[in-house]
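Structure record follows, encoded as structure tokens.
Number of protein chains: 2
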Amino acid sequence: MTPQSENFSRWYLDTIRKADLMDYAPVRGCIVFKPEGYELWERIQQAMDKRFKETGHRNAYFPMLIPESFFQKEKEHVEGFNPELPWVTEVAGEKLEERLALRPTSETVIGHMYSQWINSYRDLPVLINQWANVFRWEKRTTPFLRTSEFLWQEGHTAHANEEEARQETMQMLEIYREVVEEVLAIPVWKGQKTPSERFAGAVDTYSIEAMMKDGKAVQAGTSHYLGDKFAKGFEIKFLDRDNQLKYVHTTSWGTSTRLIGSMIMVHGDDKGLAVPPRISPTQVIMIPVGPPNKRQAVIEKMDEIFFALKDAGVRVKTDLREETPGWKFNEWEMRGVPVRIEIGPRDIANNQVVVARRDTGEKVSVDIDNAVAAVQQLLEDIQVNMLNKARAFRDANSHTHINSLEELKAHIAKAEQDGTLGGWVLGGWCGNDDCESKVKEETSFTTRNIPFDPPVEKDTCICCGQKAEHTVWFSRAY
Amino acid sequence: MTPQSENFSRWYLDTIRKADLMDYAPVRGCIVFKPEGYELWERIQQAMDKRFKETGHRNAYFPMLIPESFFQKEKEHVEGFNPELPWVTEVAGEKLEERLALRPTSETVIGHMYSQWINSYRDLPVLINQWANVFRWEKRTTPFLRTSEFLWQEGHTAHANEEEARQETMQMLEIYREVVEEVLAIPVWKGQKTPSERFAGAVDTYSIEAMMKDGKAVQAGTSHYLGDKFAKGFEIKFLDRDNQLKYVHTTSWGTSTRLIGSMIMVHGDDKGLAVPPRISPTQVIMIPVGPPNKRQAVIEKMDEIFFALKDAGVRVKTDLREETPGWKFNEWEMRGVPVRIEIGPRDIANNQVVVARRDTGEKVSVDIDNAVAAVQQLLEDIQVNMLNKARAFRDANSHTHINSLEELKAHIAKAEQDGTLGGWVLGGWCGNDDCESKVKEETSFTTRNIPFDPPVEKDTCICCGQKAEHTVWFSRAY
Ligand SMILES: [Zn+2]
Ligand SMILES: [Zn+2]
């Protein structure tokens with residue numbers, strides 16, 4: 001496996017193949033989510049779905065094919081997505097009169113349906129989420145992070161007024177932060193996207209942004225306040241309490257299978273994956289050690305502990321294959337299982353097992369009678385430690401002292417020279433699109449978001465030196 | 479709402495719209511699964527998925543687009559599905575060199591991947607399931623039962639030998655029977671499809687078949703033993719223990735959103751839906767009755783019972799809208815909620831509530847202190863009763879005394895004349911395709927399946943009068 005320091009993206013591609021998370025599909029830019037990879041997605045789905053339902057949302061399913069004319073109804077939307085669409089033009093042996101797009105996102109078809117479902121203030125709010133496959137045919141693809149077909153959830157809500165819709169937008173962004181930090185152990189910055197980075201057709205786009213181990217950013221989730229743009233495009237009107245016919249205010253918000261890729265790039269190391277306990281398909285792997293002729297007693301004791309852990313709700317497996325313990329240790333470390341239990345004849349004699357943690361590599365002996373409680377505590381500790389470690393890494397690679405384009409260029413040049421990471425740079429921004437695009441052109445750092453709660457406030461624009469209107473994260477991004 | 483006896487299919491279409499389960503989509507033959515309809519699917523998914531995992535299967539996700547050449551690799555498969563396929567021919571502004579089909583089922587792409595994943599007997603069995611959207615562009619569509627796009631699960635397994643693969647085929651058929659009977663309360667016949675009704679490319683197809691209230695059949699699930707046909711088409715070979723290179727034996731099995739439609743057509747009546755408790759999004763609806771000026775005390779007591787039920791895991795809702803109790807009773811009966819609780823000032827004075835069941839219409843008074851246990855018991859009773867009722871209906875409309883084509887025609891003519899149901903007819907079959915198609919042409923009754931455990935064995939072919947090789951269910955079908 002290529003070390004991270006040598007070539008991060010090769011390390012990534014090696015790791016996801018070796019850990020059996022995915023395979024390349026026969027269609028360009030598409031991947032197969034293999035069971036080990038798909039189960040990560042299932043656990044993300046569970047964590048998200050639970051919170052969506054607790055906040056009053058319900059799931060629905062809208063058709064995948066969208067008539068071409070629908071894209072024309074919101075001008076910015078069609079410009080944003082048209083270049084990336086696959087089109088169905090023939091069905092069952094006949095040419096279609098109107099081409100059908102494979103959905104890149106469902107605002108248009110959902111807008112069309114909402115216009116029929118919403119008539120009165122009594123019908124509001126509409127709070128619907130969809131789990132679905134979507135298509136965006138992009139030039140460069142990276143497994144999980146950017147693929148021609150991917151899996152996601154897209155929430156679509158309609159409200160009687162702006163205030164409620166904006167509250168919804170923020171509520172869902174906070175749910176994303178919570179799942180990504182607490183379940184995936186990925187620290188994020190919540191903030192607002194700049195106008196040039198907005199979702200096609202949104203009034204305001206908000207995101208959570210995460211730093212990968214190569215210092216690049218991933219937009220891990222977005223929540224959009226769409227104002228009445230789609231309502232006007234699709235004539236979604238309601239009779240309000242005051243007997244006035246009004247347009248609804250809509251929101252949409254999405255997270256996708258790119259969260260799998262982010263999790264890998266945040267926690268993985270040269271041994272392979274490192275998966276936070278709350279998301280790991282397997283939380284504990286049990287491996288017998290010591291001379292094979294004493295294996296029988298070991299296996300019996302292992303079984304005992306195995307079922308005790310299982311009964312306690314721990315996702316545990318045993319590895320009894322005919323390989324050396326060392327080979328198995330490497331294998332399961334590569335797969336990122338958070339806790340390993342080693343057990344041999346000597347351990348049994350002492351009524352102990354050895355417990356090793358993936359995040360720190362530490363090994364401790366634990367009394368067998370206390371093993372379940374100890375493992376449960378350890379899983380919690382690892383979950384917390386992985387978030388803390390990721391946050392420390394992120395903060396160590398976040399730079400807040402850079403005040404001009406020259407300084408930014410120098411910073412990037414120095415990092416390249418030293419073989420360190422450019423990381424993220426917190427800069428002031430005057431709000432002018434030209435300054436944003438000049439930074440991008442000259443450094444390939446793009447604006448990530450305007451964090452709600454930046455570590456410091458910056459006074460002057462990193463590009464033009466004028467008064468800063470916003471404090472913005474700049475970085476390279478996936 | 480159109481009564482069932484007047485026009486069953488109009489009753490069905492009225493009911494699913496009125497109960498807010500679906501809406502028609504802007505693309506021909508596609509529907510929107512609205513939250514009330516989609517939640518039925520979510521509960522079916524949970525029931526299925528749990529059992530798939532308990533039997534060692536894992537979920538994965540394969541790409542939706544399938545290159546045209548893949549369909550050519552299994553001759554019968556391409557003939558079976560080619561006429562129904564939508565094709566992507568343009569992507570991101572460019573014509574594709576090879577057309578891509580929207581999957582009608584995934585044997586081909588999965589076969590392609592398995593050929594790369596399977597090398598040794600150690601890699602077997604492969605036990606994978608996929609939850610996905612699929613496309614079959616059929617001429618006539620019926621919401622849930624037959625739509626251009628639908629949702630389903632498709633299991634695909636690969637085994638070292640025929641015996642194991644056949645065991646898998648039967649195991650999954652039994653899981654389908656269990657979920658459909660025990661969760662959806664739909665009685666089914668397990669059996670084998672005749673060769674003409676086999677899945678395109680299968681060696682043997684098995685099904686569970688259910689009778690709707692109009693006497694027609696729905697194929698509610700299928701499980702296929704594919705032999706080595708796809709293995710040969712896609713070169714899925716493995717090195718066996720004996721050092722021989724062999725083809726794997728594969729299976730596939732599927733159930734879909736047509737289970738929603740079946741559930742409605744089996745249990746619904748002229749009041750609307752009737753949903754079995756185990757699948758119902760809402761199990762209990764609480765409605766206040768009596769004079770509005772005494773409402774406050776009633777609502778407080780309702781809240782108490784509401785939370786007691788909720789804590790006990792019952793899916794309960796209250797309806798406090800400003801409508802009459804009678805209007806609400808009708809509304810929730812139409813939506814098929816199994817249990818209604820009525821509570822008014824007089825009930826509170828007697829420390830009682832009135833509990834009404836949707837399946838029988840019965841009302842009883844229940845002591846408030848005992849309400850939770852009584853409701854839980856009632857939900858169990860309703861679940862059992864709905865299955866029994868459906869089984870009694872099915873058996874009353876199943877005819878085993880018909881021995882010739884003339885008798886069958888007379889039976890059908892008489893049913894039409896009397897305005898009763900033709901139902902199902904158990905007939906002998908010599909095994910000859912011509913007899914099967916003659917019955918179909920002359921009566922529009924088709925073979926459903928050859929039940930494993932028929933109520934009686936038939937001696938002579940219903941068509942030619944020769945010795946019967948099989949005892950077969952014949953009926954009209956969706
Ligand atoms: Zn500036
Ligand atoms: Zn015959």
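Heads up: the sequence lines are chains A and B, in that order. Counting with our numbering, you get residues 1 to 478 for the letters of the first sequence. Counting with our numbering, you get residues 479 to 956 for the letters of the second sequence. Glycine included, each C-beta is placed from N, C-alpha and C at the ideal position.
What residues of chain B sit near residue i, judged by a beta carbon separation below 8 Å?
i, result
"Asp23 (chain A)", "Met591, Gln594, Trp595"
"Val32 (chain A)", "Ala538, Tyr539, Phe540, Pro541, Met591"
"Glu74 (chain A)", "Under the 8 Å cutoff, chain B gives no residues; its nearest Cβ is about 15 Å from Glu74 (chain A)."
Quick check on residue i - is its C-beta less than 7 Å from some C-beta in chain C?
i, result
"Val569 (chain B)", "Absent here is chain C; the protein component of the structure consists of chains A and B."
Using a C-beta to C-beta distance shorter than 8 Å, which residues of chain A count as neighbours of residue i?
i, result
"Arg536 (chain B)", "Pro35, Tyr38, Glu39"
"Pro545 (chain B)", "Pro26, Val27"
"Ile606 (chain B)", "Pro35"
"Glu520 (chain B)", "Asn59"
So, under 8 Å CB-CB, residue i and residue j are touching, yes? Tell me the CB distance rounded to an integer number of Å.
i, j, result
"Lys551 (chain B)", "Phe716 (chain B)", "Going by Cβ atoms, the distance from Lys551 (chain B) to Phe716 (chain B) rounds to 19 Å, so no, they are not a contact pair."
"Leu605 (chain B)", "His535 (chain B)", "4 Å"
"Pro959 (chain B)", "Ile860 (chain B)", "Because chain B here runs from 479 to 956, residue 959 (chain B) falls outside it and cannot be looked at."
"Thr157 (chain A)", "Pro125 (chain A)", "6 Å"
"Leu899 (chain B)", "Ala893 (chain B)", "6 Å"
"Trp630 (chain B)", "Val612 (chain B)", "6 Å"
"Asn449 (chain A)", "Glu154 (chain A)", "With 8 Å as the limit, Asn449 (chain A) and Glu154 (chain A) do not qualify as a contact, their Cβ atoms being about 20 Å apart."
How far does the beta strand (DSSP E) with residue i in it reach, from first residue to last?
i, result
"Val903 (chain B)", "902-907"
"Asn607 (chain B)", "604-613"
"Arg577 (chain B)", "572-580"
"Tyr24 (chain A)", "22-24"
"Lys795 (chain B)", "794-796"
"Lys237 (chain A)", "237-239"
"Val569 (chain B)", "564-569"
"Gly336 (chain A)", "Run containing Gly336 (chain A): none; DSSP gives neither H nor E here."
"His470 (chain A)", "470-475"
"Thr251 (chain A)", "249-256"
"Leu685 (chain B)", "Contrary to the premise, residue 685 (chain B) reads as Ser rather than Leu in this sequence. Segment 682-689, the beta strand (DSSP E) holding Ser685 (chain B)."
"Leu13 (chain A)", "Leu13 (chain A) -> not in any beta strand (DSSP E); alpha helix (DSSP H) instead, spanning 8-18."
Residue i versus chain B: which residues are under 9 Å apart at the beta carbon?
i, result
"Leu100 (chain A)", "Val505, Pro564"
"Pro345 (chain A)", "Residues of chain B passing the Cβ test: none, with the nearest at roughly 28 Å."
"Trp253 (chain A)", "Chain B residues near Trp253 (chain A): none, gap ~17 Å exceeds 9 Å."
"Val521 (chain A)", "There is no way to answer for residue 521 (chain A), as the model of chain A reaches only from 1 to 478."
In the DSSP assignment, find the unbroken alpha helix (DSSP H) run with residue i in it and report its ends.
i, result
"Thr586 (chain B)", "585-595"
"Ala231 (chain A)", "229-234"
"Ile305 (chain A)", "295-311"
"Val47 (chain A)", "Note on identity: in this sequence residue 47 (chain A) is Ala, with Val being the wrong assignment. That run of the alpha helix (DSSP H) goes 35-54."
"Ile412 (chain A)", "405-418"
"Gly80 (chain A)", "75-81"
"Arg975 (chain B)", "In the structure as shown, chain B starts at 479 and stops at 956, and residue 975 (chain B) therefore has no counterpart that could be examined."
"Gln761 (chain B)", "No alpha helix (DSSP H) contains Gln761 (chain B), which DSSP labels as neither H nor E."
"Glu178 (chain A)", "162-182"
Residue i versus chain A: which residues are under 7 Å apart at the beta carbon?
i, result
"Trp805 (chain B)", "Chain A residues near Trp805 (chain B): none, gap ~15 Å exceeds 7 Å."
"Pro561 (chain B)", "Ala92, Gly93"
"Phe708 (chain B)", "Going along chain A, no residue has its Cβ under 7 Å from Phe708 (chain B), so there is no contact; the nearest lies around 15 Å."
"Met542 (chain B)", "Asn133, Glu149"
Could you name the residues of chain B that residue i contacts, counting a contact when the two beta carbons are closer than 7 Å?
i, result
"Trp137 (chain A)", "Val569, Ala570"
>> Using only Cβ atoms and a threshold of 6 Å, which residues come within that distance of a heavy atom of ligand 2? Order them by chain position.
In response: B:Cys908, B:Asn910, B:Cys913, B:Cys939, B:Cys941, B:Cys942, B:Gln944
> Does the region 685-694 of chain B come close enough to the region 737-744 of chain B to have 3 or more Cβ pairs within less than 8 Å?
Replying inline: yes
> Is there contact between the region 897-909 of chain B and the region 928-948 of chain B, where contact requires at least three CB pairs shorter than 8 Å?
Replying inline: yes
>> Under 8 Å: do the region 839-854 of chain B and the region 810-830 of chain B share three or more Cβ pairs, one atom per stretch?
In response: yes
> Just checking, does the region 494-511 of chain B make contact with the region 571-587 of chain B on the three C-beta pairs under 8 Å criterion?
Replying inline: no
>> Taking 8 Å as the cut-off, does the region 540-548 of chain B touch the region 570-582 of chain B (at least 3 CB pairs, one atom from each stretch)?
In response: yes
>> Taking 8 Å as the cut-off, does the region 142-151 of chain A touch the region 28-44 of chain A (at least 3 CB pairs, one atom from each stretch)?
In response: yes
>> So, does the region 721-730 of chain B touch the region 567-577 of chain B, judging by three or more C-beta pairs under 8 Å?
In response: no
> Between the region 34-54 of chain A and the region 524-538 of chain B, do three or more beta carbon pairs fall short of 8 Å?
Replying inline: yes
> Counting Cβ pairs closer than 8 Å, one from the region 281-296 of chain A and one from the region 325-337 of chain A, do we hit at least three?
Replying inline: yes
> Are there three or more Cβ pairs, one per stretch, closer than 8 Å when the region 191-210 of chain A is compared with the region 76-84 of chain A?
Replying inline: yes
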